[in-house]
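Residue numbers (my numbering): -3 to 856.
Ideal placement from N, C-alpha and C gives every residue a C-beta, glycine not left out.
For clarity, every value in this text was computed on a predicted model and none was experimentally measured.
See structure below.
What follows is the structure, encoded as structure tokens:
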């Protein structure tokens, strides 16, 4: 433990105010011409006593030594591990047990709670080695567990045994409800345990009738097949996928047989009843709606009773009275859906009477005024939290305070007002504290992130790895919309250099940044918080700042900002003239992009091919969601929830536009999916008119499945699962939930009265075509343990990004003891007080001076 002058502080700093009367006393003594030596030594003693009274201390990182290293092996012995090499945990335990205490704890069964096991075993004194395929399907997610361990300095490493057996599994993605005579979209995922080539046949059936059969030769870990089906009859149906490995010896090529089929129950409802208020009953919008809904067309508002949603197409503000707006508010807040479509008579048209400041506009997710938002910018804010940031900044605070304050100032600036921001901290690894990008146009998000940043504490890692932070930022940005501008802002004290011979972290960080900037077009900014202490991690042997050198090497020296302590940065995302001209061309062409790819409406829609030629000028409200925008950020589809209902604003026209269409392309071909998805989202619940509505997911054997229940009656409904009464719990106004568990594969029944259970697929095909609300099918498939097979590749990434290490069976014996000895040294931030030293010094000075003075005045 060494004294760090830059972390020196006082616990009771207010006591230092006593130095003021001491100074006055010294001045008075000088004025009275008191003996200088006598005055100096007495003032010095009092000065030291005042410092001692203020309780001086320094904050220091320490690593208490432990007597011995302890290793705990978490041995994953769950069902999925049957595909991997066996006996690895026992072998490691036997060989290491003669040299160091080793404990083995197991995770077994058909449910893997790997995250829970890691949290239970992790501690500063315990080196945890996880021997697993990384597949976890219950309890705490592994990523959360590793993040928790990293933040608390609990060392966790992993060894992933070799996958020795091949296996296939199949799963169907898609909704469990569909509308009659409408296309329902499904995706079949076939997962494989290894990267070896394998041939098989897949068969897809609907109600026991084959709709697809295909021969596939797969080499990758996952193969996906998309298909759609139109259900022509009401009531219960089944979709089933079956794999047939192309070999007589199934066990050699496909270890588990029970994951070669997957069944999905689908309940088909009547077409929702929708009111279309329009002056153009034959527009592309109207024709699209007539294909999928039971549409009632009207030229003005009429009764909304029995209507699942209302579509208001290009209606001027003058045609919507305040009484009608209040009726619409009551309708939406009680669960109805509303879509408002633009054109030359809505939102900001006509100029003399727009929607602005009307009661109708209060229902909408937008205001009818131009948006000056450029849009489409994704920003990763990288904050340095290495121990060096605990140093004093020279103006009464710490460097970390400057880093966090600059981050908050950036988030509060107009620059990031409408951006999507992800904040990561980096010491030795990059840690995502926002868990994905959040929309800064929402004030609630801004306030939440402000509070989260203020909670950030320093990392215990002794070396800052800028490369790790950049890799984390790259992974985050790759998952976002490719057409959006991307920026990385690094806020650091500049301690990013390499001092040890052979340490290539700084060079790799430069290479990583060059790839990001030149290869992916990601712009990088570096906010360098200047610090009084200049060490070898911040300045090269030639006196150049590593931070400045880093930005110069990647050709972005113009984006380097050196900030004095206490000052705040101002960053500009200016464009060069060529970029501005290109963006204006994109804007004029009407090119539009998906802004939020995670919403139901935009999910799996990566881009929109055709341009539009006009739109209404609107500005999204703070709590609304932008889903589709122009290249320059003009909103095209914006949504929000109002009470129990949903409201969408499509701020381009109906595809007809009184003969001069703005968006005809959005109502034809593949691009029309964005419109139908928006309409379906607003309709929300095709069972809205039924007395009991059930949301039944795909259930898994021996795993509780959550059933959501909504009823129009007072009191909890009485329901049965396989003739057994269901335990039903209230979760809101006329809303309930129940958890059910089944132990057998197949179709089961949920009913209002006890009925026979476990239907066969053949009986289901006979039952289809009748809308029977007294019972609903629930498909039960094999447990999740059989779905995700082989090594989970994301497990390796999670271990490395959270400061862990991946061993192979060959290097574990040579490396783990040294790593465990280092990793289990608990690094803690302690306050070392110096009060006794100041008291001792004051006493010693007083004693020596008294003896000296007595000798001179009396002994002589």
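| Item | Value |
| --- | --- |
| Local Cβ density within 10 Å of residue 297, reported as buried at 16 or more and exposed below that | buried |
| Reference residue 91, options 547, 849, 808, closest by Cα | 808 |
| First and last residue of the uninterrupted beta strand (DSSP E) at residue 309 | 305 to 309 |
| Same chain, Cβ closer than 6 angstroms to residue 237, five either side skipped, listed in chain order | 166, 168, 184, 200, 258 |
| C-beta atoms of residue 841 and residue 12 nearer than 8 angstroms | no |
| Residue 278 versus residue 310: straight-line alpha-carbon distance, rounded | 14 angstroms |
| Span of the beta strand (DSSP E), counted from its first residue to its last, around residue 522 | 519 to 525 |
| Own chain residues within Cβ distance below 6 angstroms of residue 49, not counting five before or after | 11 |
| Cβ pair residue 233, residue 202 closer than 8 angstroms | yes |
| Where residue 874 falls, given that 16 or more other Cβ within 10 Å makes a residue buried | Here the chain has residues from -3 to 856 only, and residue 874 is not among them. |
| Residue 857 in three-state terms, based on DSSP | Past the edges of the chain, shown from -3 to 856, lies residue 857, and the structure says nothing about it. |
| At least 3 beta-carbon pairs within less than 8 angstroms: the stretch 708 to 718 vs the stretch 628 to 638 | no |
| Burial state of residue 747, where buried means 16 or more other Cβ atoms lie within 10 Å | buried |
| Beta-carbon gap between residue 325 and residue 374 smaller than 8 angstroms | no |
| Coarse secondary structure for residue 546, derived from DSSP in three states | helix |
| Buried or exposed by the 16-neighbour rule on C-beta atoms within 10 Å, applied to residue 523 | buried |
| Exposure label - residue 346; buried when at least 16 CB within 10 Å | exposed |
| Closer than 8 angstroms to chain D by CB, residue 732 | The displayed structure is made up of one protein chain only, and chain D is not part of it. |
| Contact the stretch 603 to 615 vs the stretch 636 to 647: 3+ CB pairs below 8 angstroms | yes |
| Inter-residue CB distance, residue 870 and residue 295 (contact presumed, cutoff 8 angstroms) | This structure cannot speak to residue 870, because the chain is shown only from -3 to 856. |
| Close beta carbons around residue 737, own chain, < 6 angstroms, minus the five adjacent residues each side | 700 |
| Reduced DSSP secondary structure (H/G/I, E/B, other) of residue 213 | strand |
| Rounded Cβ spacing between residue 158 and residue 81 (contact assumed at less than 8 angstroms) | 5 angstroms |
| Between the CA atoms of residue 299 and residue 314 - distance to the nearest angstrom | 19 angstroms |
| Bridge partners - residue 444, DSSP secondary structure assignment | Its beta-bridge partners do not exist; DSSP assigns none. |
| Outcome for residue 131 when other beta-carbon atoms lying within 10 angstroms are tallied against a minimum of 16 | buried |
| Helix, strand or coil at residue 728 [DSSP, three-state] | strand |
| DSSP beta-bridge partners of residue 34 | None; residue 34 has no bridge partner. |
| Contact between the stretch 524 to 533 and the stretch 478 to 492 (3+ Cβ pairs under 8 angstroms) | yes |
| Inside the stretch 617 to 652 only - beta strand (DSSP E) runs reaching at least 3 residues | 621 to 626, 631 to 638, 641 to 646 |
| According to DSSP, residues forming a beta bridge with residue 271 | 292, 306 |
| Status (buried if at least 16 other CB within 10 Å, exposed otherwise) for residue 152 | buried |
| Touching by the beta-carbon criterion (3+ pairs, under 8 angstroms), the stretch 64 to 74 and the stretch 105 to 118 | yes |
| CA-to-CA distance, residue 174 to residue 773, given in whole angstroms | 14 angstroms |
| From 379, 394, 734, 383, residue whose alpha carbon lies closest to that of residue 404 | 379 |
| Assigned exposure category for residue 444 - 16 Cβ within 10 Å defines buried | exposed |
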